[in-house]
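Residue numbering for the sequence shown follows this note's numbering, beginning at 16 and increasing consecutively. Worksheet for the structure shown next.
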Amino acid sequence: MVSLLKYHLYQKSLQLLTIINPKWNVEVSYRHTMKSKINLKNPQTFNEKICWLKLYDYPKNKLVIRCTDKVEARDYIREKGLEGLLNEIYQVCDDPENIEFNKLPAEYVVKWGHDYGSTIICNSTTNTEKVKQKLKRLKHRKFYLNSAEMHYSKIKPKVIVEKLLKDTTQPELYDYKVFCYNGVPRFIMVCLGRQENNTKFYFFDTQWTFLRLNNDGKEAPKNFNIPKPVCFEEMLKDARKLSEDFKFVRVDFYIVNDKLVFSELTFSHAAGMDRDIRGSFDLLLGKYLTL
Numbered sequence: 016m017v018s019l020l021k022y023h024l025y026q027k028s029l030q031l032l033t034i035i036n037p038k039w040n041v042e043v044s045y046r047h048t049m050k051s052k053i054n055l056k057n058p059q060t061f062n063e064k065i066c067w068l069k070l071y072d073y074p075k076n077k078l079v080i081r082c083t084d085k086v087e088a089r090d091y092i093r094e095k096g097l098e099g100l101l102n103e104i105y106q107v108c109d110d111p112e113n114i115e116f117n118k119l120p121a122e123y124v125v126k127w128g129h130d131y132g133s134t135i136i137c138n139s140t141t142n143t144e145k146v147k148q149k150l151k152r153l154k155h156r157k158f159y160l161n162s163a164e165m166h167y168s169k170i171k172p173k174v175i176v177e178k179l180l181k182d183t184t185q186p187e188l189y190d191y192k193v194f195c196y197n198g199v200p201r202f203i204m205v206c207l208g209r210q211e212n213n214t215k216f217y218f219f220d221t222q223w224t225f226l227r228l229n230n231d232g233k234e235a236p237k238n239f240n241i242p243k244p245v246c247f248e249e250m251l252k253d254a255r256k257l258s259e260d261f262k263f264v265r266v267d268f269y270i271v272n273d274k275l276v277f278s279e280l281t282f283s284h285a286a287g288m289d290r291d292i293r294g295s296f297d298l299l300l301g302k303y304l305t306l
């Protein structure tokens with residue numbers, strides 16, 4: 016109970032710091048999370064540079080703000096000629112009360128387009144009133160004050176109802192996140208185990224060589240590997256196209272039955288405070304990012 020109270024007080028203090036000066040939030044939360052002092056005057060590591068971007072670039076970068084919006088990002092994908100990557104959308108609306116649940120299939124996903132972490136997986140037995148109430152609560156979450164990601168605050172909230180993705184060729188849906196710098200893919204992070212709430216993160220280079228650089232990579236068994244996706248070259252090609260307008264962006268994909276599906280564009284990976292990216296690995300990821 017005491018630790019929970021401390022956590023809430025800490026989060027409230029971060030929100031207040033962001034309101035006064037977002038830089039103060041970053042300095043305090045970086046020291047707390049990364050256990051070191053951040054260098055914003057001459058950032059060298061990946062985490063430091065992401066923090067610099069979220070403070071001094073993203074809040075006034077109209078294209079970043081547009082593409083952070085999960086609804087607007089779809090138009091950007093179309094403009095790039097990659098409409099075939101988009102998941103099927105059933106409905107988009109401003110208010111959860113306007114969701115037409117009677118017109119939806121047996122399974123679907125509901126989420127807000129202006130945030131992260133609001134995804135709700137639904138089926139025919141889902142209590143739709145509870146879904147609406149949860150969405151209403153989440154709508155007013157000022158999560159960006161906790162992490163000083165102020166570009167999120169400039170996005171108009173919209174509810175997205177979309178197709179639930181399922182891969183019949185394997186037990187879980189693999190999540191591929193391509194780290195791109197000025198249109199050049201450099202690293203791929205594969206996320207596994209989310210359905211069991213035991214997420215593992217594994218990094219590969221663009222030759223699909225397994226990199227034992229983060230904690231999960233170092234702890235993986237000696238012969239550990241993940242099969243190279245059938246559509247890997249297509250993934251890299253599309254990631255190049257979708258990242259060519261940005262200093263850095265993480266282009267996220269799913270692969271469903273060997274077909275590439277766009278997930279989202281992420282500009283402030285882990286809010287610039289990924290404890291799994293440390294030391295020489297942090298410097299390696301950072302050296303490709305020119306501010």
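We put the CB at the ideal spot given by N, CA and C, even for glycine.
Tell me, to the nearest whole angstrom, how far the beta carbon of residue i is from that of residue j; I am working on the premise that it is less than 8 Å.
i: PHE247; j: GLY232; result: With 8 Å as the limit, PHE247 and GLY232 do not qualify as a contact, their Cβ atoms being about 19 Å apart.
i: LYS178; j: TYR123; result: 7 Å
i: PHE282; j: THR134; result: Not a contact, Cβ separation roughly 19 Å.
i: ILE34; j: HIS166; result: Rounded, the Cβ-Cβ distance is 16 Å, inconsistent with contact.
i: VAL107; j: VAL174; result: 7 Å
i: ASP297; j: THR60; result: 4 Å
i: GLN30; j: ASN161; result: 6 Å
i: ASP190; j: ASP291; result: The Cβ separation is near 15 Å, so there is no contact.
Apart from the five residues just before and just after residue i, which ones in its own chain have a Cβ nearer than 8 Å to its Cβ?
i: THR221; result: PRO200, ARG201, PHE202, ILE203 and LEU251
i: HIS147; result: Checking the displayed sequence, the identity of residue 147 turns out to be Lys instead of His. Excluding positions up to five away in sequence, the list reads PRO111, GLU112 and ILE114.
i: LYS262; result: LEU68, ASP72, TYR196, ASN197, LEU304, THR305 and LEU306
i: LEU150; result: PRO111, VAL125, TRP127, SER133, ILE135 and VAL174
i: ARG89; result: LEU101 and ILE104
i: PHE194; result: PRO200, ARG201, PHE202, ILE203, MET204, PHE263, ARG265, HIS284 and LEU300
i: GLU249; result: LEU275
Using the beta-carbon count (16 or more within 10 Å), is residue i buried or exposed?
i: HIS47; result: exposed
i: CYS66; result: buried
i: LEU280; result: buried
i: GLU164; result: buried
i: SER139; result: exposed
i: TYR22; result: exposed
i: GLU18; result: In the sequence as presented, Glu is not what sits at residue 18; that position holds Ser. The residue is exposed, with fewer than 16 neighbouring Cβ atoms inside 10 Å.
i: LEU32; result: buried
i: ALA121; result: exposed
i: ASN40; result: buried
i: PRO324; result: There is no way to answer for residue 324, as the model of the chain reaches only from 16 to 306.
Leaving out five residues on either side along the sequence, give the residues of the same chain with a beta carbon under 7 Å from the beta carbon of residue i.
i: MET288; result: SER44, TYR45, THR48, MET49 and ASN62
i: ASP260; result: LEU78
i: LYS6; result: Since the first residue shown for the chain is 16 and the last is 306, residue 6 is missing from the structure and cannot be characterised.
Can you list, in chain order, the residues of its chain with a C-beta nearer than 6 Å to that of residue i? Leave out the 5 residues immediately preceding and following it.
i: VAL276; result: ASN102 and TYR269
i: LYS169; result: ILE80
Does the beta carbon of residue i fall short of 7 Å from some heavy atom of the ligand MG?
i: PHE239; result: With respect to the ligand MG, the structure offers nothing, as it holds no ligand at all.
With a cut-off of 8 Å, does the C-beta of residue i fall near any C-beta of chain B?
i: LEU24; result: This model lacks chain B altogether, as it is built from one protein chain only.
- [ ] Give, in chain order, every unbroken run of the alpha helix (DSSP H) that is at least 4 residues long and sits entirely within the stretch 44-132.
- [x] 61-71, 77-83 and 87-94
TODO: Could you tell me whether the stretch 182-202 touches the stretch 153-171, where touching means 3 or more Cβ pairs closer than 8 Å?
DONE: no
TODO: Could I get the ranges of all uninterrupted alpha helix (DSSP H) runs contained in the stretch 209-280, with 4 residues as the minimum, in chain order?
DONE: 230-234 and 247-258
TODO: Could you tell me which uninterrupted alpha helix (DSSP H) segments, each at least 4 residues in length, are contained entirely in the stretch 139-213, listed from first to last along the chain?
DONE: 143-154 and 158-162
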